[in-house]
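Asks: Dumping the structure here so I can ask a few things about it.
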Amino acid sequence: MSLEDVINRILLLRPDLSRKEIFERIKEKKKGVEGYLTDETAARIVATELGVEVTKEIYRNELPIRDVISGLNDVTVTGRIITAQSPQTFRRSDMTKGTVAHLLVADKTGMIRVVLWNDKTNLVEIRKIVQGQIIKVSHGYVRQGLDGNPELHVGLQGDVQVSPSDAKESDYPKITSFLEKIAEIRKKTRASVLGTVQQMYPVSTFERSNGSQGRVMRLQLSDGTGEITAVFWDEKIDELRDIKRDDSLQILNGRVKKGLNGQLELHVEKSTQIETSRTAKKVKVADIRGEEGPITVEGVIATIPKTSQVTTARKEKVAVTSFDFEDETGKIRVSVWRKLTEVVKNTRVGTKIRINNAYVTKGFADQLELTSRRYTSIEILSEQTNTST
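Pasting the structure below:
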């Protein structure tokens, strides 16, 4: 629907307004957002405020995120995934089950929550959609979220394209561009920060009003400009794993609240994404004495990698590839998960690799083994090829 089509529809359903008055409203609407809206989008906002329905018409243009407003249908946007929440199941009024997943997507003009429904959540479940990727969402519809901001919903008619061929990586902001200084967090409902862990406090348990048990953990985070208390709830505590003092911690899309002492806190909830890192030391296999990490090792694949599907404690089916790893000092078992299986599953015995940011754990019969985690990477240093005689 063009600008002229929107104006004509307003004139049809609101005969009390003149064309000049409508243009004045459009002008004021654009002025209110410093001219960032197109004439057509501003006209649609005016129509919505006047109670004029224009969304039944097809809207095929790809929009910058700043121009997405509640009520639009058949909307397409492209942006980078800032956070990706795991799918959640729910029960409908007819007692059938559904699934929903939430993404936070951004382009150079703004950020929007994208809501995936039912089969569209499969891309998150199998980790084809992950933080940092660029996606194109097509044929979505826009509704107002609980916080009053527009949300782009992707249902049966919608489509999600991962790493679209017509999208240039450089056209979309990096995740780090959304990080804020702790000292600058004021009067915001949500914020993203990167800091160093200064102090950690024990996990506390409590009973909710419905009788269920909850957990909460606090730590003190500093970035040189200030400090803030980060509050982790329930399963988000598990994502911290074995984080220690002086580790780096990145929190994306945390909720800003005032604590009981009147100081600001950053709450880590389901829709919040966290990343931890510390400097990995390079070791030899013979130096591995007990559970530790992260570490980096360099050597060769000593046995044929074998891949299998396993079900995690969260009922998630994931791929794991296991093999023996060897350097000049000794041998150790290695298990890598999810995407890293694709890196090594077809490699040959004798291929030289470097495993970065791996962790040492106890495996079968309490034998030490290397395992991958979220920030583990594997570099192929030299391929081993078959030779014929």
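Using this note's numbering, the first residue of the sequence shown is number 8, and each one after it goes up by one.
We treat Cβ as the ideally placed atom computed from N, Cα and C, and that holds for glycine.
For residue 67, which residues of its own chain have a beta-carbon under 7 angstroms away from its beta-carbon, when the five flanking residues on both sides are left out?
Replies: Residue placement at residue 67 cannot be trusted, given a pLDDT of 49 that sits under 50; the coordinates are not used to answer.
Asks: Put residue 53 into one of helix, strand or coil per three-state DSSP.
Replies: The answer is helix: DSSP assigns residue 53 an H, G or I state.
Asks: May I have the straight-line CA-CA distance separating residue 195 from residue 262, to the nearest angstrom?
Replies: 8 angstroms
Asks: For residue 363, report the span of its beta strand (DSSP E) as first-last.
Replies: 359-369
Asks: Report the option in 291, 89 and 74 whose CA atom is closest to the CA atom of residue 281.
Replies: 89
Asks: Would you list the residues sitting across from residue 303 in a DSSP beta bridge?
Replies: 289
Asks: Put residue 192 into one of helix, strand or coil per three-state DSSP.
Replies: coil
Asks: Contact check, residue 128 vs residue 108 under 8 angstroms by CB: the rounded distance?
Replies: 4 angstroms
Asks: For residue 278, I'd like the list of residues in its chain whose CB is within less than 7 angstroms of its CB, leaving aside the five on either flank, ordered along the chain.
Replies: 90, 92, 109 and 260
Asks: Between residue 210 and residue 359, what straight-line distance do the alpha-carbon atoms span, to the nearest angstrom?
Replies: 42 angstroms
Asks: How far does the alpha helix (DSSP H) with residue 132 in it reach, from first residue to last?
Replies: 129-132
Asks: Do residue 157 and residue 149 come within 7 angstroms of each other at the CB atom, strictly closer than that value?
Replies: yes
Asks: Taking DSSP's pairing of strands, which residues face residue 86 in a bridge?
Replies: 142
Asks: Could you please give the first and the last residue of the uninterrupted beta strand (DSSP E) stretch that includes residue 324?
Replies: 324-334
Asks: Compare the C-alpha of residue 220 against each of 240, 376 and 47 and name the closest.
Replies: 240
Asks: What are the start and end residues of the beta strand (DSSP E) that includes residue 386?
Replies: 384-389
Asks: Who are the near neighbours of residue 7 in its chain, counting only those whose CB is closer than 8 angstroms to its CB and skipping five residues on each side?
Replies: Outside the shown range of the chain, which is 8 to 396, sits residue 7, and nothing can be said about it.
Asks: Below 8 angstroms, can you find three or more Cβ-Cβ pairs linking the region 303-323 to the region 337-357?
Replies: Cβ pair count under 8 angstroms is three or more, so yes.
Asks: Is the beta carbon of residue 46 closer than 7 angstroms to that of residue 24?
Replies: no
Asks: Do residue 230 and residue 202 have their CB atoms nearer than 7 angstroms?
Replies: yes
Asks: In this structure, what does DSSP give as the bridge partners for residue 211?
Replies: Under DSSP, the beta-bridge partners assigned to residue 211 are 223.
Asks: For residue 106, which residues of its own chain have a beta-carbon under 6 angstroms away from its beta-carbon, when the five flanking residues on both sides are left out?
Replies: 94, 96, 125 and 128
Asks: So is residue 50 buried or exposed if we call it buried at 16+ other beta carbons inside 10 Å?
Replies: buried
Asks: Can you give me the Cβ contacts of residue 98 inside the same chain, cut-off strictly under 8 angstroms, excluding the 5 residues immediately before and after it?
Replies: 104 and 105
Asks: Is it buried or exposed, residue 56, if we count other Cβ atoms within 10 angstroms and call 16 or more buried?
Replies: exposed
Asks: Could you tell me the distance, in whole angstroms, from the CA atom of residue 299 to the CA atom of residue 365?
Replies: Roughly 9 angstroms between the two C-alpha positions.
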